[in-house]
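A short worksheet on the structure shown next.
In our numbering, the protein residues as written are 86 to 570.
In structure tokens:
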């Protein structure tokens with residue numbers, strides 16, 4: 086049978102999804118993302134990653150006829166390459182080792198790359214700062230190209246050096262309207278458009294392996310998941326709620342430089358980026374620690390962070406006699422504190438506090454973030470939109486019930502947690518003209534509908550409104566209070 090392989094390099098796990106030509110998901114394979122730490126800096130282990138990917142391609146190819154492959158990955162991390170080889174280690178996207186470079190270059194970079202053309206606020210995580218850091222640390226010689234992880238894997242197998250548009254948006258070096266590299270900014274960091282590589286849309290061919298298997302562009306993990314969700318929406322406008330280690334809520338819209346001319350973010354963390362074809366954009370807001378926050382709290386309370394562990398915990402939470410809205414959470418990269426605080430800060434923590442109360446409060450915090458993002462995006466779309474949810478977090482039934490109840494609308498949960506890898510497989514199929522495979526898959530996978538719980542709607546709304554006032558006060562004072570410690 087012909088199959089299409091989507092491989093996603095995630096922050097926590099590598100996911101490989103095999104999609105048959107009959108539209109069935111034949112297999113999903115997981116492995117931990119290999120990383121290592123040296124002198125306080127965390128790197129992706131490229132050699133182990135590439136070796137694992139090649140072994141998966143070999144195993145799948147031994148069982149099926151590989152019709153096409155597409156790679157997606159987290160953004161920001163970049164690799165200098167020459168003749169299909171990596172020239173240095175690659176810093177993980179979230180690592181703060183780039184922060185001093187961001188501080189020293191921030192003003193100059195902002196002048197060369199205003200929000201109006203980047204669609205995103207300047208952050209230490211972006212690829213341009215990784216390039217500056219890796220030049221400083223490793224002084225790679227003879228660099229032919231700088232590539233994100235997803236592009237590097239395709240390139241190492243025989244593809245052309247090309248960035249998916251969605252990955253380019255995470256470099257901070259692309260103009261989202263002209264869909265070209267920002268040549269002035271690239272020159273500022275000592276590079277050229279040639280060393281950055283070509284720009285391609287998700288689903289466009291980028292070459293072949295040595296054995297002739299087509300390689301297709303896929304990109305940033307959340308936006309590749311959005312690519313899959315778009316197929317399930319069947320042409321209707323929708324919001325996509327991607328719940329992985331980080332969280333993104335996004336919509337795909339048609340527009341122009343004039344209609345999407347924002348001088349600044351439409352909300353904290355608000356982003357406009359390049360979608361899948363000309364004049365198509367995504368608008369989204371993201372939270373850096375979503376599933377990762379829950380993982381940290383499960384570790385803190387010494388609770389098994391497995392599906393069974395969450396189910397046991399959720400059963401105990403539902404036995405609580407009331408909704409617990411305390412403690413309040415302030416988390417690095419969230420909508421309130423941004424970069425003003427590191428790690429997780431708990432406010433107004435009740436005494437005593439058990440793990441069920443702590444996790445229930447965290448569910449309410451995460452649901453509240455989602456509501457704030459949805460409300461702001463719908464101000465731009467000027468209409469209420471249905472929500473399609475995917476990612477590991479969408480399998481947490483109690484969290485999803487809280488979200489649906491606070492949002493006051495049903496949420497469609499797609500029946501695979503590996504939506505990004507499925508998006509890669511869809512991109513692979515589209516890239517070789519096999520769109521009928523995507524249609525077959527959509528017809529086979531029936532989303533689960535999560536409805537609001539009428540007993541939770543009003544209590545959660547009251548908590549949201551009360552907490553919103555407290556968070557607003559914190560937000561207004563954060564420059565003084567938070568940044569001064």
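All C-beta atoms in this analysis are idealised placements derived from N, C-alpha and C, irrespective of residue type, glycine included.
Please read these numbers as outputs of a predicted model, since none were measured by experiment.
Query	Result
Count the other CB atoms, across all protein chains shown, that sit within 10 Å of the CB of residue 297; report buried if there are 16 or more and exposed otherwise.	exposed
Roughly how many whole angstroms lie between the Cα atoms of residue 447 and residue 488?	12 Å
With H, G and I counted as helix, E and B as strand and the rest as coil, what does DSSP make of residue 565?	Note that residue 565 scores a pLDDT of 36, beneath 50, so its modelled location is shaky and nothing firm can be said.
Comparing C-alpha positions only, which one of 319, 407, 533, 309 sits nearest to residue 540?	407
Going by alpha carbons, who is nearest to residue 451 out of 326, 367, 557?	326
Leaving out the 5 sequence neighbours to the left and right, which residues in its chain are closer than 6 Å to residue 564 when beta-carbon positions are compared?	The pLDDT assigned to residue 564 is 44, lower than 50, so where the model puts this residue is not dependable; a value taken from the coordinates is nonetheless given after this. Around residue 564: no qualifying Cβ.
Which one of 294, 182, 132 has the shortest CA to CA distance from residue 155?	294
Looking at residue 374: is its Cβ nearer than 9 Å to the Cβ of residue 436?	no
Just mark residue 391 as buried or exposed, buried being the case when its beta carbon has 16 or more other beta carbons within 10 Å.	exposed
Between the alpha carbons of residue 514 and residue 304, how many angstroms are there, rounded?	15 Å
In whole angstroms, what is the alpha-carbon distance linking residue 276 and residue 433?	49 Å
Per DSSP, residue 249 forms a beta bridge with which residues?	285
Is the segment 499 to 510 touching the segment 89 to 100 in the sense that three or more CB pairs, one from each, lie closer than 8 Å?	yes
Between which two residues does the beta strand (DSSP E) containing residue 154 stretch?	150 to 158
So is residue 427 buried or exposed if we call it buried at 16+ other beta carbons inside 10 Å?	exposed
What residue range does the alpha helix (DSSP H) around residue 130 cover?	Per DSSP, residue 130 belongs to no alpha helix (DSSP H) and is neither H nor E.
Restricting to Cα atoms, I'd like to know which of 87, 124, 100, 122 is closest to residue 106.	87
Run through DSSP, which three-state label would residue 238 get?	helix
Going by DSSP in three states, residue 459 sits in which element: helix, strand or coil?	helix
Taking a contact to mean a Cβ-Cβ separation below 9 Å, would you say residue 499 touches residue 317 in this structure?	yes
Within the chosen definition, does the segment 217 to 226 reach the segment 249 to 261 through at least 3 CB pairs nearer than 8 Å?	no
Which residue's Cα is closest to the Cα of residue 592: 157, 168, 220, 164?	Absent from the model: residue 592. The displayed extent of the chain is 86 to 570, so no value can be given.
Have a look at 493, 208, 503 and flag the residue whose alpha-carbon is nearest the alpha-carbon of residue 191.	208
DSSP three-state call for residue 399: helix, strand or coil?	helix
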